[in-house]
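Novice: What follows is a single structure, and I will ask about it in a moment.
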């Protein structure tokens, strides 16, 4: 901004606004860099692994323990052993002899002593214990092998998204419900907005501008290609470019070439075609040939698509209210077809450190296009006419008398071949015919 302050003063919001925006974006970028450089435990207030509890260690005996009596020294040990034996007596299963005696007592007392609910509960078989058996009876158990675990099913790999890409664009895109067919996680997107005109149909010839608004919902685009445009959609295209921080390739194509009505501009501006050369200057005064930042040429100049710096600026302001944006567009490769272009958009909004190539195709017009010194390594390409020269083809000599054969036919069938008995006059006639 300090290198070309006049160009920033001619923006819609002015130099001071974008200077404050630059400082704010630098601050946010530094905070993000610091947060990403911190170690993982410092960035998160919790541990990702299992919590380690401190191990308990027995206190070492000291000289003060020597004066204690054996009863005092081993009081805790004897208490623990007695508790273990009591628990063992409660949980130990009775012997078969005791089991038979208790069963006989229960049978003898059944007629005289009423059965208590507690006794019923005691005699109720447990699903986890063996039934009471007389001594000498051996119960054979069978080991049950665990059922084999089901094989791990491999999750199907996600399908390759080769629909509506830059290489395979969506032909005749009509917006509306067709947006639901496109994944918002797409890396590359290609749309062809051209609608063939049909006299029998009452549908509009061109896609409405608002039908392209859902384009701003994408956040993972790295390549965007929109062709077949019959009017300007730059308001949503540039807003999408600001919101996709990793967008590297942008290709825009108009259906019709621009038309210049002003005689002054028609004499000064040049068609970018074979023989065109970019202006080598590194500075020029700011210019603007658009109409209220809508992406179209000013009506006094003509009609057509204009690479509008104000449209890019308004799109960034709207994008800043929606999500995160970068200081400059991250585009590396820009392809234009049917555009009128000057230098101001590249000076203000494109990142000189990332920009690599600018490609002009199909009837683009130079309205004062030049690049600053910071973009001296950017490659600019334009259409060139390829001249095809004559190609020498080797001749092959043929002996007509030897090559010609006479085919003998009988009842519509080939019955044989013979040499062609031709004279010199017949040979010359055949060569003349060929």
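Numbering (UniProt numbering), first residue to last: 1 to 434.
Beta carbons are placed, not taken as given, at the ideal position from N, Cα and C, and that holds for glycine.
Which residue's Cα is closest to the Cα of residue 197: 183, 213, 189 and 230?
Specialist: 230
Novice: Since residue 333 sits in a beta bridge, which residues does DSSP pair it with?
Specialist: 249 and 357
Novice: Could you compute how far the alpha carbon of residue 327 sits from the alpha carbon of residue 355?
Specialist: 14 Å
Novice: Could you have a look at residue 418 and say whether DSSP puts it in helix, strand or coil?
Specialist: Correct three-state label for residue 418: strand.
Novice: I'd like the span of the alpha helix (DSSP H) that includes residue 408, first residue to last.
Specialist: Note, residue 408: premise wrong, no alpha helix (DSSP H); beta strand (DSSP E) at 405 to 410.
Novice: Reducing DSSP to helix, strand and coil, say where residue 213 ends up.
Specialist: helix
Novice: Where does residue 225 fall in DSSP's three states?
Specialist: In this structure, residue 225 counts as strand in the three-state DSSP scheme.
Novice: Is it the case that the Cβ atoms of residue 274 and residue 381 are separated by a distance below 8 Å?
Specialist: no
Novice: What is the DSSP secondary structure of residue 379, counted as helix, strand or coil?
Specialist: strand
Novice: Which whole-angstrom value describes the C-beta separation of residue 249 and residue 330, a residue pair presumed to lie in contact below a C-beta threshold of 8 Å?
Specialist: No, residue 249 and residue 330 are not in contact; Cβ-Cβ is about 10 Å, not under 8 Å.
Novice: Note down the Cα distance separating residue 287 from residue 161, rounded to an integer number of angstroms.
Specialist: 42 Å
Novice: Using CA coordinates, which residue listed in 418, 376 and 176 is at the minimum distance from residue 282?
Specialist: 376
Novice: Answer yes or no: do residue 239 and residue 318 have a C-beta to C-beta separation smaller than 8 Å?
Specialist: Pairing residue 239 with residue 318 gives a Cβ-Cβ distance under 8 Å.
Novice: How many whole angstroms separate the CB atoms of residue 349 and residue 284, which I take to be in contact at a CB cut-off of 8 Å?
Specialist: Not quite, the Cβ-Cβ distance comes to about 17 Å (not below 8 Å), so this is no contact.
Novice: How big is the Cα-Cα spacing for residue 233 and residue 256?
Specialist: 14 Å
Novice: Buried or exposed for residue 467, going by 16 or more other Cβ atoms inside 10 Å?
Specialist: Any property of residue 467 remains undetermined from this structure, which presents the chain solely from 1 to 434.
Novice: Within a Cβ cutoff of 8 Å, which residues of the same chain sit near residue 175, ignoring the five residues on either side of it in sequence?
Specialist: 207, 208, 211, 212 and 214
Novice: Count the other CB atoms, across all protein chains shown, that sit within 10 Å of the CB of residue 363; report buried if there are 16 or more and exposed otherwise.
Specialist: Label assigned to residue 363: buried.
Novice: Measuring CB to CB, does residue 367 end up less than 8 Å from residue 342?
Specialist: Less than 8 Å divides the Cβ of residue 367 from the Cβ of residue 342.
Novice: Which residues does DSSP list as the beta-bridge partners of residue 188?
Specialist: 223
Novice: Do residue 252 and residue 272 come within 8 Å of each other at the CB atom, strictly closer than that value?
Specialist: no
Novice: How long is the line joining the alpha carbons of residue 194 and residue 11, rounded to whole angstroms?
Specialist: 33 Å
Novice: Please classify residue 15: does DSSP put it in a helix, a strand, or coil?
Specialist: helix
Novice: Using DSSP with H/G/I as helix, E/B as strand and the rest coil, what is residue 176?
Specialist: helix
Novice: So residue 220 packs on residue 185, CB below 8 Å; how close in whole Å?
Specialist: 5 Å
Novice: Provide the residue(s) that pair with residue 305 in DSSP beta bridges, ordered along the chain.
Specialist: DSSP, once it has assigned bridges, lists 296 and 339 as partnering residue 305.
Novice: Reducing DSSP to helix, strand and coil, say where residue 270 ends up.
Specialist: Residue 270: strand per DSSP, three-state reduction.
Novice: Which of the three DSSP states is assigned to residue 320 in this structure?
Specialist: helix
Novice: Between residue 9 and residue 21, what straight-line distance do the alpha-carbon atoms span, to the nearest angstrom?
Specialist: 14 Å
Novice: Under 8 Å by Cβ, that's how I've got residue 310 and residue 293 pegged, so tell me the actual separation to the nearest angstrom.
Specialist: 3 Å
Novice: Less than 8 Å between the CB atoms is what I'm expecting for residue 242 and residue 188, so what's the real figure, rounded?
Specialist: Between residue 188 and residue 242 the Cβ distance is about 18 Å, and since that is not below 8 Å, they are no contact.
Novice: Excluding five sequence neighbours on each side, which residues of the same chain lie with their C-beta closer than 6 Å to the C-beta of residue 2?
Specialist: none
Novice: Starting from the Cα of residue 304, find the closest Cα among 312, 262 and 314 and give me that residue.
Specialist: 262
Novice: Determine whether the beta carbon atoms of residue 228 and residue 192 lie at a separation below 8 Å.
Specialist: Yes; because the gap between Cβ atoms is below 8 Å, this pair is in contact.
Novice: If you count every other CB in all the chains shown that lies within 10 Å of the CB of residue 336, and 16 or more means buried, which is it?
Specialist: buried
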